[in-house]
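In my numbering, the protein residues as written are 764 to 996.
Yeah, the Cβ is synthetic: ideal placement off N, Cα and C, and Gly gets one too.
Values in this document were obtained by computation on a predicted structure and should not be read as measured data.
Beneath this line is the structure, given in structure tokens, with notes to follow.
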Amino acid sequence: MNDEDPVLDDPVGQSLGGRHAHLARRLGRAATYLAEVATFSSVSADPAPEDWADLAGLLGPGAFADMFSCPAVPPSSWEPVFSLEGRQMIWPGDGRPGRPSSESGTDVVELGTDSVPEMLDLAARTEPGPFWRRTHELGTYLGVRVDGTLVAMAGERLRPPGWTEISAVCTAPEARGRGHAARLVSALTERVVARGDRPFLHVAETNTGAITLYERLGFKTRGPVTFRGFRTP
Ligand SMILES: CC(C)(COP(=O)(O)OP(=O)(O)OC[C@H]1O[C@@H](n2cnc3c(N)ncnc32)[C@H](O)[C@@H]1OP(=O)(O)O)[C@@H](O)C(=O)NCCC(=O)NCCS
764 MNDEDPVLDD PVGQSLGGRH AHLARRLGRA ATYLAEVATF SSVSADPAPE
814 DWADLAGLLG PGAFADMFSC PAVPPSSWEP VFSLEGRQMI WPGDGRPGRP
864 SSESGTDVVE LGTDSVPEML DLAARTEPGP FWRRTHELGT YLGVRVDGTL
914 VAMAGERLRP PGWTEISAVC TAPEARGRGH AARLVSALTE RVVARGDRPF
964 LHVAETNTGA ITLYERLGFK TRGPVTFRGF RTP
């Protein structure tokens with residue numbers, strides 16, 4: 764489980780084939796998440812035409828395939844929907860996260876199924892990345908409530924062997940700059956490290972505010988990634 768760990772080159776496939784197998788749909792060597800959990804899809808590392816055909820069969824015609832962690836490019840009959848440059852960052856594995864000071868009256872709480880409408884609303888307002896009705900089933904999601912209202916959240920997403928991705932980091936615009944995101948990422952980092960995993964995350968290159976936040980907490984850049992989406996033929 765070092766920084767060169769190849770499982771981090773295909774975190775979607777490594778999660779779908781391992782700790783998220785109970786949330787996967789598979790056909791041949793193609794796999795995707797259950798509807799409303801995630802749109803991430805995977806094929807084998809060196810896919811043959813029949814692997815792409817299997818994934819198309821699994822998803823159905825004209826469906827969206829989010830292939831961000833797959834280095835292979837689908838056949839030309841798959842319509843590119845978007846492409847966005849980003850980076851993968853990892854927790855260096857030594858030490859603990861910085862402990863940001865708490866604002867009085869705000870507690871970090873675990874978010875369960877009953878919080879899903881609020882989580883969906885916060886994600887829609889802040890756009891931290893894809894978030895669906897069942898995304899919280901991928902791991903633990905934590906939130907900050909102020910006077911009962913959810914103003915910030917973050918949670919666990921992909922889980923390749925030995926690693927847990929921190930994702931859906933977002934704070935409502937009116938609650939930013941108070942350390943909520945820093946506290947949530949730190950709390951998740953502590954939980955992940957305590958159970959023997961290392962945290963990692965993905966962020967768009969244009970999101971300089973989030974990159975600053977993660978670097979300040981101690982995350983290091985492992986390398987570039989391209990977030991890519993396609994529509995099946
Ligand atoms: C990124 C985001 C989660 C930060 O939330 P937050 O609760 O305001 O973050 P914090 O208060 O913990 O900020 C801690 C530090 O992060 C950095 N930071 C946060 N937002 C920043 C911004 N827009 N520009 C520059 N630096 C920023 C600063 O270093 C800040 O330090 P400060 O306390 O000296 O200001 C929030 O801006 C957001 O929801 N953005 C939209 C969703 C998103 O992009 N999520 C990340 C997906 S990878």
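Closest to P726 by C-alpha separation, out of L771, P837 and D870, would be which residue? The question about residue 726 has no answer, for the chain in this structure spans 764 to 996.
What I want to know is whether the C-beta of T912 ends up closer than 7 Å to one or more non-hydrogen atoms of ligand 1. Taking the sequence shown and counting its residues from 1, the one referred to as residue 912 is at position 149. T912 Cβ: outside cutoff for every heavy atom of ligand 1.
Among residues of its own chain, excluding the 5 on either side of L976, which ones have a beta-carbon nearer than 7 Å to its beta-carbon? Along the sequence shown, one-based indexing puts residue 976 at 213. Same-chain partners within the cutoff: A944 and A945.
Can you tell me where the alpha helix (DSSP H) holding S778 begins and where it ends? Looking up residue 778 in the sequence shown gives position 15. Counting along the chain, the alpha helix (DSSP H) containing S778 begins and ends at P774 to L779.
Does at least one heavy atom of ligand 2 sit under 7 Å from the Cβ of T889? For ligand 2, the structure offers nothing, since it holds only ligand 1.
Contacting residues, own chain, Cβ-Cβ under 6 Å from A794 (five flanking each side not counted): Walking along the sequence shown from the start, residue 794 turns up at place 31. Cβ neighbours of A794 beyond the five flanking positions: L779, A787 and S805.
In the structure shown, what three-state DSSP assignment does T876 receive? Walking along the sequence shown from the start, residue 876 turns up at place 113. Helix, per DSSP.
Please look up how many angstroms separate the CB atoms of L913 and L885, rounded, as I've assumed it's under 8 Å. In the sequence shown, residue 913 corresponds to position 150, counting from 1. In the sequence shown, residue 885 corresponds to position 122, counting from 1. At roughly 6 Å, the Cβ-Cβ gap stays under 8 Å, so L913 and L885 are in contact.
Same chain, Cβ closer than 8 Å to R985, neighbours up to 5 away in sequence not counted: Reading the sequence shown from its first residue, position 222 is the one you call residue 985. Result list for R985: D766, L771, R850, Q851, M852, I853 and F963, in chain order.
Using 8 Å for Cβ pairs, my map puts L901 next to H783. What's the rounded Cβ distance? By 1-based counting over the sequence shown, the position of residue 901 is 138. By 1-based counting over the sequence shown, the position of residue 783 is 20. That belief holds up - the Cβ atoms of L901 and H783 are roughly 7 Å apart, short of 8 Å.
State the DSSP-derived secondary structure class of T984, mapped to helix, strand or coil. One-based indexing of the sequence shown puts residue 984 at position 221. Assigned with DSSP and collapsed to three states, T984 falls in strand.
First and last residue of the uninterrupted alpha helix (DSSP H) at H943: Locating residue 943 in the sequence shown gives position 180, where the first residue counts as 1. Bounds of the alpha helix (DSSP H) holding H943 are H943 to A957.
Output the distance between the C-alpha atoms of W926 and D960, rounded to the nearest integer angstrom. As a first step, residue 926 is located in the sequence shown; it is residue number 163 there, counting from the start. As a first step, residue 960 is located in the sequence shown; it is residue number 197 there, counting from the start. W926 and D960: Cα-Cα distance of roughly 5 Å.
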